[in-house]
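These notes concern the structure reproduced below.
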Amino acid sequence: MTDEDFSQVSMLSLFQAELETQSQALTSGLLALERNPVAADALEACMRAAHSLKGAARIIDLMPAVKVANAMEDCLVAAQRGHLRVGREHIDALLQGCDLLKLIASGSSSERANSEIESFLAKFEELSPPEAKPGAQDFAADFATPDHAQEQLASTSSANLLVGAVPQAHGSIGSDRMVRVTADSLNRLLGLAGESLMEARRLRPFADGLLRLKRLQSDLASAFDNLHAVLPPVSNNAPVVEALAEAQRKLRLSQAFLAERLDELDSVDRKATDLANRLYDETLASRMRPFEDGVRHYARTVRDLGRTLGKRARLEIVGGSTGIDRDILEQLDAPLGHLLRNAVDHGLEPPEERLAMGKPEEGLIRLEARHNAGLLQIAVVDDGRGIELSKLREAVIARQLATRESADTLSETELLAFLFLPGFSMKAGLTDVSGRGVGLDAVQAMTKEVRGITSVSSEFGRGTRFQLQLPLTLSVLRTLLVEVDGEPYAFPLAAISKTMRLQRMQINLLQGRPHFRLNDRQIGLVTAREVLDRGESGSEPDELSVVVVDAGRGDAYGLIVDRFLGERE
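Position 265 (the sequence shown) corresponds to 1678 in the working numbering; numbering is contiguous.
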């Protein structure tokens, strides 16, 4: 084949899959090298990734990619041999090589790709020391492999390319087998697993009904015993006594039969519920992906944006193995991008300012994920300058969002909630990165779309923390079950800030409406019976069951229910 039409390369899709894996490893290693240029492990990992990409490209005769990967490998080998010290200019060039390989693999026009390849190779020619540049003999040897060796290489690399794309034979030894399953198929399986779980749980009420029958039989046996005791022992009552004895005998047989069947039903109930729960959990787990799979690329984004803004920024991912629903992970892409760009642009200070404050020159942004109380919590935390509340208050007043008198009475939480208003920005100028006031509004819109909550906290001079509280999966809704007027109702857990027992004496009137104080905030109070138009309960207990519901943007209200019933899915 020729270099003129890269999109026609056979097995190109397999090379793209290999590129996705190896480029992630290469990017992670290069960012580690930028922080520690003599990190042998990172250098070795990068060299292996570049070598794998060169071999994969050679197998499908994608020579432009071979040239790029070969130049990258030469640079890394030279660094391994001590011929050069990896600097920022080398990292920039190697990262550019990753982008160029993606361009080639995408089937882009050959004219554009060839131009960028020539520029890329010229840059590496300038960066490489004379002793690190491969001679013609080395280059020829690299490409002129004996026929049998070439065949062996092709066979081995092809097998490596195909791992994960084609299931292994049954009973083979190696990595876990993988098959492609559509999202619709997973959703149908999850629906069936959920129905199976619900049907399995129907056995328990049936078993409870049989237990009530067993108690009735016991009461009947006691009644027979009492009747037998009061019958006079005279001969003319013999038929009655015999009939009574026969009834007692049959009752004992039925009691024994029911007890055996009840034990069997209990066993079936336990096993069916256990199996249905396991099936449901395994099906649900199949929808999960490690958090790091969807956010690993942000390390490069943070680094490059920091360079553009004249800052040094590093991303640290905490809880990368945390399982997240595939749909939620996809929807998180844009919101997390907004938060990370804000952290670099608004949060982190320039290097000289950080040094003057006694901070490291390199700013740190942490992207955290964890499960907590049946919910997914994701946080973007920076160690930058934080949010100056006095400036935020002035910005609120300047935009006529509140009068000075009311703004002066706002708490920190209420002030920070203004950041999520559409069009609100504390930045005076408009740049390509920020200043339009649409980022945080978009973050909150996405969070609400998946029934989640967004919050922010900040300490001036120390940093800012944005937190997203989301459901574990969009396929299942975890709820708090409550009772109102004898009927069950469910609240999504993600919408609940707190559940509490409230003493009636803690309620006060504010503008004619009942309120109570929670964390220095006045929370409005309303009864669920009033909302549902169910009328008053007729009783006034001293202790009330209250669900505090987050209404977004710092607002919350309390809902009085009759009692809590527990959590359900």
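Glycine included, every Cβ here is placed at the ideal spot set by N, Cα and C.
{"Query": "Same chain, Cβ closer than 8 Å to Val1962, five either side skipped, listed in chain order", "Result": "Phe1904, Ala1908, Ile1909, Ser1910, Ala1969, Tyr1970, Gly1971, Leu1972"}
{"Query": "Proximity below 8 Å, CB of Ser1819 to CB of Arg1934", "Result": "no"}
{"Query": "Residue burial classification, Val1369 (beta-carbon count within 10 angstroms, cutoff 16)", "Result": "The first residue shown for the chain is 1414 and the last is 1982, placing residue 1369 beyond what the model contains."}
{"Query": "Limits of the beta strand (DSSP E) - the one that Thr1877 falls within", "Result": "1876–1884"}
{"Query": "Alpha-carbon to alpha-carbon, Glu1943 and Ala1756", "Result": "44 Å"}
{"Query": "Contact check, Ser1441 vs Cys1511, beta carbons under 8 Å", "Result": "no"}
{"Query": "Which listed residue (Ala1669, Glu1705, Glu1896, Thr1686) has its alpha carbon closest to that of Arg1615", "Result": "Thr1686"}
{"Query": "Chain-order list of residues whose beta-carbon lies under 7 Å from that of Val1654 (same chain, five-residue window excluded)", "Result": "Leu1644"}
{"Query": "Own chain partners of Gly1876 with C-beta closer than 6 Å, once the 5 adjacent residues on each side are dropped", "Result": "Asp1795, Asp1796, Gly1797, Gly1799"}
{"Query": "Close-in-space but distant-in-sequence residues of the same chain around Ser1465 (CB under 6 Å, 5 per side omitted)", "Result": "Gln1435"}
{"Query": "Same chain, Cβ closer than 8 Å to Glu1801, five either side skipped, listed in chain order", "Result": "Phe1873"}
{"Query": "Residue interval of the alpha helix (DSSP H) (run including Val1863)", "Result": "Element bounds for Val1863: n/a, residue is neither H nor E."}
{"Query": "DSSP state of Thr1696 mapped onto helix, strand, coil", "Result": "helix"}
{"Query": "Meets three-Cβ-pair contact criterion under 8 Å: the segment 1765–1776 and the segment 1852–1861", "Result": "no"}
{"Query": "Continuous alpha helix (DSSP H) assignments of at least 4 residues falling wholly in the segment 1926–1961", "Result": "1941–1944"}
{"Query": "Under 8 Å between C-beta atoms of Leu1675 and Leu1623", "Result": "yes"}
{"Query": "Environment of Ala1492 [buried if 16+ CB atoms lie within 10 Å]", "Result": "buried"}
{"Query": "Continuous alpha helix (DSSP H) assignments of at least 4 residues falling wholly in the segment 1716–1747", "Result": "1739–1744"}
{"Query": "Minimum Cβ-Cβ distance from Arg1700 to chain B less than 8 Å", "Result": "You won't find chain B in this structure, because it holds only one protein chain."}
{"Query": "Ser1838 burial status per 10 Å Cβ neighbour count (16 or more: buried)", "Result": "buried"}
{"Query": "Residue environment, Asp1638, which counts as buried when at least 16 other CB atoms sit within 10 Å", "Result": "exposed"}
{"Query": "Coil, strand or helix - Ile1838 by DSSP", "Result": "Just to set this straight, residue 1838 is Ser in the shown sequence, not Ile. Reduced to three states, the DSSP call for Ser1838 is coil."}
{"Query": "Where Ala1672 falls, given that 16 or more other Cβ within 10 Å makes a residue buried", "Result": "exposed"}
{"Query": "Straight-line Cα distance separating Met1611 from Pro1901", "Result": "17 Å"}
{"Query": "The beta strand (DSSP E) enclosing Gln1916, as first and last residue numbers", "Result": "1909–1916"}
{"Query": "The beta strand (DSSP E) enclosing Asn1449, as first and last residue numbers", "Result": "Asn1449 -> no beta strand (DSSP E), and no H or E assigned at all."}
{"Query": "Sequence ranges, alpha helix (DSSP H) only - wholly within the segment 1458–1537, length at least 4", "Result": "1476–1493, 1501–1518"}
{"Query": "Under 8 Å between C-beta atoms of Leu1678 and Ala1620", "Result": "yes"}
{"Query": "Residues near Ala1660 by beta carbon distance below 7 Å, same chain, minus five either side", "Result": "Phe1637"}
{"Query": "Burial state of His1759, where buried means 16 or more other Cβ atoms lie within 10 Å", "Result": "buried"}
{"Query": "Helix, strand or coil at Thr1822 according to DSSP, with G and I counted as helix", "Result": "coil"}
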